[in-house]
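Quick note, the sequences are listed as chains A, B and C, same order. To get the numbering used here, take the position in the first sequence, counting from 1, and add 762. To get the numbering used here, take the position in the second sequence, counting from 1, and add 762. To get the numbering used here, take the position in the third sequence, counting from 1, and add 762. For glycine and all other residues, C-beta sits at the position ideal for the given N, C-alpha and C.
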Amino acid sequence: MGTRLGELVERLGGQLAGDPNIEVSGIAPLADAGVSHISFLSNSKLRAQAAQSGAAALILSAADDETVSATYTGARIVTKNPYAYFARAAQYFASLDAFVPVPGIDPSACVAAGARVAASAHVGPQVTIEAGAEVGEGAVIGAGCFIGRGAVIGAGTELFANVTFHARCRIGARGIIHSGAVIGTDGFGFANEGGVYIKIPQTGRVIIGDDVDIGANTTVDRGALADTIIEDGVKLDNQIQIGHNCHIGAHTAMAGCVGVAGSARIGKYCTFGGAAMVLGHLTIADHVHISSGSMVSRSIHEAGQYTGFYPLAKNAEWEKSAAIVRNLATMRDKIRALEKTIKTLTEQK
Amino acid sequence: MGTRLGELVERLGGQLAGDPNIEVSGIAPLADAGVSHISFLSNSKLRAQAAQSGAAALILSAADDETVSATYTGARIVTKNPYAYFARAAQYFASLDAFVPVPGIDPSACVAAGARVAASAHVGPQVTIEAGAEVGEGAVIGAGCFIGRGAVIGAGTELFANVTFHARCRIGARGIIHSGAVIGTDGFGFANEGGVYIKIPQTGRVIIGDDVDIGANTTVDRGALADTIIEDGVKLDNQIQIGHNCHIGAHTAMAGCVGVAGSARIGKYCTFGGAAMVLGHLTIADHVHISSGSMVSRSIHEAGQYTGFYPLAKNAEWEKSAAIVRNLATMRDKIRALEKTIKTLTEQK
Amino acid sequence: MGTRLGELVERLGGQLAGDPNIEVSGIAPLADAGVSHISFLSNSKLRAQAAQSGAAALILSAADDETVSATYTGARIVTKNPYAYFARAAQYFASLDAFVPVPGIDPSACVAAGARVAASAHVGPQVTIEAGAEVGEGAVIGAGCFIGRGAVIGAGTELFANVTFHARCRIGARGIIHSGAVIGTDGFGFANEGGVYIKIPQTGRVIIGDDVDIGANTTVDRGALADTIIEDGVKLDNQIQIGHNCHIGAHTAMAGCVGVAGSARIGKYCTFGGAAMVLGHLTIADHVHISSGSMVSRSIHEAGQYTGFYPLAKNAEWEKSAAIVRNLATMRDKIRALEKTIKTLTEQK
């Protein structure tokens, strides 16, 4: 019932060293893999562990293969990027017993006359789709989702249960939006008159490219006048907040709990650690990496890794260091005074 | 199909300098505005740009009008607060092609016998309204919303799709609650007995005033015994957490991802930058402004701007500064030792 | 219509000093309690206030009883842990007028053939339950919830309205999941190939023990290959994010807005203040307490309280201290130079 290694290599590439008729039924980590598993070595530090692995086959790089093959007796698939190969192999095995929703519209769904749902799309129970919305070929709309007037869901895109996708927003092909995400909610825009806030209507949209993943309970504001843009291949984890009129460059990834204030312009191929925050109206260059828990309070024009969080300590030690942090100006003044006194002392000699 | 400037001024006030028969069809930023647009100048630094604007008309202050009118040849609407005027004008133009939900209850909604829904209210598809709940005149309940037993939604208030509004909570008139928000969830209250938590029932409510906006996926806890209070005109952005028994004063605004722990008492006219955090049982005076990413760990009795986040740096520099922060006490001791030595040296002279 | 003190003590234990026939109708704080209330003293600092309380009865410890009984003339219930006793008494009074959902499945719910719902369970309106899912005895599934294929909801567990509980995940008995929570969403796992992310299928589950509470809009990722584990008695507040393959030990509690990155292993009896963050792949020992707003960036092997957030200051002062924090290395170098100069000066003598 497994998959022949020969077939796997035919599908996914790589050079097979070993019997193509060996059958594997799934992927497992090095430590857990048994005779029906394929495993992978993506970190050379684990070569010794890989060499001892009970896996039927190993995915690894040419550089590691030389060492590992000296003692490891199973089959090997040699490839440039073993971790990417693992991801594709895992996708393949997951697809074998994946649940595939049947095309069609559940009878409990409310689909407005004037909405267009492709024949190959699936619309689950308790869904609402408003007039003028479009759901592309092979798209999957999970139970309880809401799709507003004129919104467009691209081909092959999946909305998990209970996603809210507001009017006129668009997502391209092969995207995933996880449960509880809200796309196209109003941006936070107000004028203040004598202390009282007057709402500025948010009439822009959210425009999302192809191959974009959006995590559970993440929120993306629609633009005020212009649109909020998320380019191809962006990956957003859970509970992220993207403000109105942001522009996020292609293939940028953000871990959970990140917040980006309005009108920030973020480059391509950036990464943001969990709970990193970005103030509004900033520009961040391509290939910038922000560490977890860091507050980006100014634009960044140079690629690189940036960090800014208070180091953790035992509470008693923190209390000491925090008290000094408050009074660093005093400390600086004392040093200046010392420098002056010493200068005098030295000159007197 | 546009609106005559004369009509706009009749509706919204301001002094028109120019032809009242000029027609405008919408609002645009200074840089993008063309002959069918009205634009606005709310920041005197942009006077030069305004003077060059292609807009048919400009909203601006008397102070800016003198300079701008020297070169700008379009019509001008002179008003005290151009940004507030812009907001109202934008509301007007948005209303012209806004979708207006039809009064009535969608057949797929489950409205309990004993719930009272005003005839002019709209209840969307897949909604649940429990017994004893009230929905006021002109209120709009979006698809998939839940309104618990005895809850009250005020006149003209709109709940976007997939809002959860729990039993016995109340919101006043003209409010907006965005998708995924949860109002009246249990506060986090437990007694601890030998390491095991025993739940304290949360029997209070959430009471929300008029003209309050609550953002997408924001959560507001119900009170433990007494109520959680949000006064008139408060504006909460997305993904904010308000703990049980908090009291938020009128016209206070919080940006995305702010967290407020239980029983905090926050004044009127305050602002909180994104991801600011407030510990429990604190009191914050009126007109306090907390910067983004700052942790409020003590009560604040004086109006003003408060800040506390670690400054961002290149990672290598941060590693250096963070290592020193951990050891600030050592640095302080060294300075003390130097001061002592120098005192001795000086006295020896 | 109240409850006799004698009956209360029979149910909940404790030693009654006073008339067992006194009737009380509910619990109130010391300051508000009147003749129909029972109140409690859980903090010895409030002894004086307790002694003046107008409550019909007081719950207190033997240590406090001696002092308080000298002047307080109402009845007293003496018990080891008055706060835990208060919690149980509050539960008792809340149960008297609690709304109890009727067993059965609302006609608007979509329950797949092949799902098993216990006869004593309640399934609310607009719910979706997929094939193979199980809902235990006395469980309550609120309006609009989604329960995926093969998921298991334990006996007596309650899902408030609009919870998403994904396929194959499990929660034990007597749990509570609040509105908007998403259990079993995909973890954030990708391989990177030439800048482009390739999704790693998330085929693990979320396994939740007994007596676990999960807050509103909290998200818990399913494991990548293995499972995400939340042990018995864990209490998670609102808007918490738990990454894939985390393991959270029994009776650990986390306040709102906490984030835990993937594969973190957290001990038993820990507490996390609001907005605390934990990086991935860390180990945290039992009985560790993390202060609010602190970033845990390394494993913690020793019980205790840990803290790390930038102290709040008036903005002008923060600007000064933050500028110095950036340049702490310069300050350290100056001190070293001073030390050297002084050493020379001293030696010259």
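* Sequence-distant residues of the same chain with beta carbon closer than 6 angstroms to Leu998(A), five excluded per side -> Counting from one through the first sequence, the residue named residue 998(A) turns up at place 236. Cβ within range, chain order: Ile976, Gly977, Thr980, Met1016.
* What is the DSSP secondary structure of Gln754(B), counted as helix, strand or coil? -> The first residue shown for chain B is 763 and the last is 1111, placing residue 754(B) beyond what the model contains.
* Any C-beta of chain B under 7 angstroms from that of Gly816(C) -> Indexing the third sequence from 1 puts residue 816(C) at position 54. No - not a single Cβ of chain B is within 7 angstroms of the one on Gly816(C).
* **Assigned secondary structure, Gly768(A) (DSSP; H/G/I helix, E/B strand, else coil)** => Sequence index remark: in the first sequence, residue 768(A) carries index 6 (1-based). In this structure, Gly768(A) counts as helix in the three-state DSSP scheme.
* Asked: With a CB to CB cut of under 6 angstroms and the five nearest residues on each side skipped, what residues in its chain are close to Thr1045(B)?
  -> Taking the first residue of the second sequence as position 1, residue 1045(B) is located at position 283. Result list for Thr1045(B): Arg1027, Ser1061, in chain order.
* With 7 angstroms as the C-beta to C-beta threshold (strictly closer), list the residues of the region 1063-1085 of chain C near chain A in chain order. => Gly1066, Gln1067, Tyr1068, Thr1069, Gly1070, Phe1071, Tyr1072, Pro1073, Ala1075, Lys1082, Ser1083
* Asked: From this set, Asp868(C), Glu892(C), His799(C), which residue's C-alpha is nearest Ala881(C)'s C-alpha?
  -> Along the third sequence, one-based indexing puts residue 881(C) at 119. Ala881(C) has its Cα closest to that of Asp868(C), out of Asp868(C), Glu892(C), His799(C).
* To do: Could you tell me the boundaries of the beta strand (DSSP E) in which Val840(A) lies?
  => Numbered from its first residue, the first sequence carries residue 840(A) at position 78. Its beta strand (DSSP E) spans residues 837-840.
* Based on the DSSP output, what are the partners of Gln888(C) in its beta bridges? -> Taking the first residue of the third sequence as 1, we reach residue 888(C) at position 126. Its beta-bridge partners do not exist; DSSP assigns none.
* Asked: Under 7 angstroms between C-beta atoms, does Tyr959(C) make it to chain A?
  -> By 1-based counting over the third sequence, the position of residue 959(C) is 197. Answer yes: the Cβ-Cβ gap between Tyr959(C) and chain A drops below 7 angstroms somewhere.
* C-beta atoms of Asp973(A) and Arg936(A) nearer than 7 angstroms -> Counted from its first residue, the first sequence places residue 973(A) at position 211. Counted from its first residue, the first sequence places residue 936(A) at position 174. Yes, the Cβ-Cβ distance between Asp973(A) and Arg936(A) is below 7 angstroms.
* So, Ala871(C) versus Phe908(B), is the Cβ gap smaller than 7 angstroms? -> Locating residue 871(C) in the third sequence gives position 109, where the first residue counts as 1. Locating residue 908(B) in the second sequence gives position 146, where the first residue counts as 1. Their beta carbons are not under 7 angstroms apart, which means Ala871(C) does not touch Phe908(B) by this criterion.
* In the DSSP assignment, what residue or residues form a beta bridge with Tyr959(C)? -> Here residue 959(C) is taken as the residue at index 197 of the third sequence, counted from 1. Bridge partners of Tyr959(C): Asn954(C).
* **Top-ranked residue by Cα proximity to Ile789(C), from Pro963(B), Ser831(B), Val830(B), Gly1005(B)** => Position 27 of the third sequence, counted from the start, is the residue given in the question as residue 789(C). Of the listed residues, the one whose Cα sits closest to Ile789(C) is Pro963(B).
* At 4 residues or longer, and completely inside the region 839-885 of chain B: list those alpha helix (DSSP H) runs for me, N to C. => 844-858
* To do: Kindly indicate if chain A contains any beta-carbon less than 7 angstroms away from that of Gly995(B).
  => Counted from its first residue, the second sequence places residue 995(B) at position 233. For Gly995(B), the answer is yes, since a Cβ of chain A falls inside 7 angstroms of its Cβ.
* **Neighbour list for Ala1099(A) in chain C, Cβ cutoff strictly below 7 angstroms** => Here residue 1099(A) corresponds to residue number 337 of the first sequence, with the count starting at 1. Chain C residues near Ala1099(A): none, gap ~11 angstroms exceeds 7 angstroms.
* Which residue's Cα is closest to the Cα of Ala875(B): Pro865(B), Glu892(B), His1043(B), Thr841(B)? -> Mapped onto the second sequence, residue 875(B) falls at position 113. Of the candidates Pro865(B), Glu892(B), His1043(B), Thr841(B), the one whose C-alpha sits nearest the C-alpha of Ala875(B) is Glu892(B).
* Asked: Where are the beta strand (DSSP E) runs, 3 residues long or more, that stay fully inside the region 1028-1080 of chain A, in chain order?
  -> 1050-1052, 1066-1069
* Taking the CB atoms as reference points, tell me whether Arg1112(C) and Gly912(C) lie closer together than 7 angstroms. => Here chain C comprises residues numbered 763 to 1111, so residue 1112(C) is not present and cannot be evaluated.
* Is the region 1063-1075 of chain C in contact with the region 1035-1055 of chain C, if contact means three or more CB pairs nearer than 8 angstroms? -> yes
* Asked: Can you name the residues of chain A whose CB is closer than 7 angstroms to the CB of Asp999(B)?
  -> As a working mapping, residue 999(B) is identified with position 237 in the second sequence. Simply Phe950.
* Asked: Using a Cβ-Cβ distance under 7 angstroms, would Ile1010(A) count as near chain C?
  -> Position 248 of the first sequence, counted from the first residue, corresponds to residue 1010(A). Output row for Ile1010(A): interface = no.
* With a CB to CB cut of under 6 angstroms and the five nearest residues on each side skipped, what residues in its chain are close to His1051(A)? -> For the purposes of this step, residue 1051(A) is taken as residue 289 along the first sequence, with counting starting at 1. Counting only Cβ-Cβ distances below 6 angstroms, and skipping sequence neighbours, we find Thr1033, Gln1067.
* Asked: Any beta-carbon of chain B closer than 7 angstroms to the one on Asn1089(A)?
  -> The residue you call residue 1089(A) lines up with position 327 of the first sequence. Asn1089(A) does not count as touching chain B.
* Is the region 1001-1021 of chain B touching the region 987-994 of chain A in the sense that three or more CB pairs, one from each, lie closer than 8 angstroms? -> no
* Which first and last residues belong to the alpha helix (DSSP H) in which Ser801(A) is found? -> Stepping through the first sequence from its first residue, residue 801(A) is reached at position 39. Note, Ser801(A): premise wrong, no alpha helix (DSSP H); beta strand (DSSP E) at 799-802.
* Asked: Can you tell me where the alpha helix (DSSP H) with Val968(B) in it begins and where it stops?
  -> Your numbering for residue 968(B) matches position 206 in the second sequence. First-last for Val968(B): 968-970, but that is the beta strand (DSSP E), not the alpha helix (DSSP H).
* Leaving out five residues on either side along the sequence, give the residues of the same chain with a beta carbon under 8 angstroms from the beta carbon of His1063(B). => Position 301 of the second sequence, counting from 1, holds the residue named residue 1063(B). So the list reads Thr1045, Ala1047, once near-sequence residues are dropped.
* With a threshold of 16 other CB atoms inside 10 Å of the CB of Phe861(B), please say whether the residue is buried or exposed. => Looking up residue 861(B) in the second sequence gives position 99. Exposed: under 16 other Cβ atoms inside 10 Å.
* When you compare each of Ala851(A), Val873(A), Ala883(A) to Gly866(A) by their alpha carbons, which one comes out closest? -> Residue 866(A) sits at position 104 when you count from the first residue of the first sequence. Measuring from the Cα of Gly866(A), the nearest candidate turns out to be Ala883(A).
* To do: Determine the extent of the beta strand (DSSP E) in which Ala825(B) is found, giving its start and end residues.
  => By 1-based counting over the second sequence, the position of residue 825(B) is 63. Ala825(B) -> not in any beta strand (DSSP E); alpha helix (DSSP H) instead, spanning 824-831.
* Have a look at Ala1075(A), Gly1024(A), His928(A) and flag the residue whose alpha-carbon is nearest the alpha-carbon of Ser1059(A). => What you label residue 1059(A) is simply residue 297 of the first sequence in a count that begins at 1. Nearest of Ala1075(A), Gly1024(A), His928(A) to Ser1059(A), Cα basis: Gly1024(A).
* **Where the alpha helix (DSSP H) through Asp1095(B) begins and ends** => Within the second sequence, residue 1095(B) is the residue found at index 333, counting from 1. Unbroken alpha helix (DSSP H) run through Asp1095(B): 1090-1110.
* Asked: Does Phe908(B) get closer than 7 angstroms to chain C when you measure Cβ to Cβ?
  -> Position 146 of the second sequence, counted from the first residue, corresponds to residue 908(B). Yes, its Cβ sits closer than 7 angstroms to a Cβ of chain C.
* Backbone CA spacing between Phe927(B) and Asn1077(C) [nearest angstrom] -> Counting from 1 along the second sequence, the entry for residue 927(B) is found at position 165. Counting from 1 along the third sequence, the entry for residue 1077(C) is found at position 315. The straight-line gap from Cα to Cα measures roughly 37 angstroms.
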